[in-house]
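Engineer: The opening position of the sequence shown corresponds to residue 1 in the UniProt record's numbering, with each subsequent residue numbered one higher. Mind looking over this structure? Questions follow.
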Amino acid sequence: MTTVYDFEVRKTNGDLKSLKDYEGKPLIIVNTASKCGLTPQFKGLQELYEKYKDNGLEILGFPCDQFQNQEFAHIEETIEFCQTNYGVSFPIFAKVDVNGAHADPLFIFLKEQKKGFLMKNIKWNFTKFLVDRNGIVVERYAPTTDPAKIEADVQKVL
């Protein structure tokens, strides 16, 4: 059976990183954007990360520019923006497509595991996927779902 841990993702420097490195840890995987009305969710995601990282929680951010070009052109700008404005210390990876012909394989898998409301595609920035310690996608949250609203579900997978 395929799990999230079977995928590789691209780091901001272009190197590949195996998600096997996170094996045994619950994950929140989220497509992000720095210039979106939902960008303040970085604060809530960081708060969840700080509260539960010692229990194994990892949050993996994937900048995406597919929704009205709301991401910086250069990944360095994205990283600086996230750290400066929201204190983000969880990993941010290279920019990805989440829909379409060039969608990242990880996001194709995530969408197959948990379809959204009335559709499979990701409809906007900050769609969040909760993954248990076995690499199984257990929940998908709408872009507008505040990170604080998923805390109870996070506690269940810890």
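C-beta atoms are modelled at their ideal positions from N, C-alpha and C, and glycine is treated no differently. These numbers come from a predicted model, not from an experiment.
Quick one: what does DSSP say K43 is sitting in, helix, strand or coil?
Structural biologist: Helix at K43.
Engineer: To the nearest angstrom, how far is the alpha carbon of L45 from that of L38?
Structural biologist: So the alpha carbons of these two residues sit roughly 12 angstroms apart.
Engineer: Can you pull the DSSP bridge partners for V157?
Structural biologist: Answer is none; V157 lacks a bridge partner.
Engineer: Counting only runs that start and end within the UniProt domain "Thioredoxin" (1-158), where is the alpha helix (DSSP H) found for 4 or more residues in a row?
Structural biologist: The UniProt domain "Thioredoxin" (1-158) contains these whole alpha helix (DSSP H) runs: 41-52, 75-86, 105-113 and 151-157.
Engineer: Using 6 angstroms as the cut-off, classify the Cβ of V131 as near or not near the heavy atoms of the ligand FMN, replying yes or no.
Structural biologist: Looking at this structure, you won't find the ligand FMN or any other ligand, since it has none at all.
Engineer: Can you round the beta-carbon distance between S34 and E58 to whole angstroms, since I take them to be within the 8 angstroms contact cut?
Structural biologist: With 8 angstroms as the limit, S34 and E58 do not qualify as a contact, their Cβ atoms being about 21 angstroms apart.
Engineer: Check each candidate in K128, D65, R133 and P147 and name the one with the smallest Cα separation from D21.
Structural biologist: It is R133.
Engineer: Quick one, which of L110, P91, A148 and C36 has its alpha-carbon nearest R10's?
Structural biologist: Cα-wise, what sits closest to R10 is P91.
Engineer: Thinking just about the alpha-carbon of each residue, which of N31, F7 and T3 is nearest to the one in F126?
Structural biologist: Among N31, F7 and T3, the Cα nearest to that of F126 belongs to N31.
Engineer: Using 8 angstroms as the cut-off, can you tell me whether the region 80-100 makes contact with the region 50-65, which would need three or more C-beta pairs spanning the two stretches below that distance?
Structural biologist: Touching, per the Cβ criterion.
Engineer: Short of 7 angstroms in beta carbon distance, which residues of its chain neighbour Y86, apart from the five on each side in sequence? Order them along the chain.
Structural biologist: The residues are F42, K43 and Q46.
Engineer: Are the CB atoms of Q113 and V96 within a distance shorter than 7 angstroms?
Structural biologist: No, the Cβ-Cβ distance between V96 and Q113 is not below 7 angstroms.
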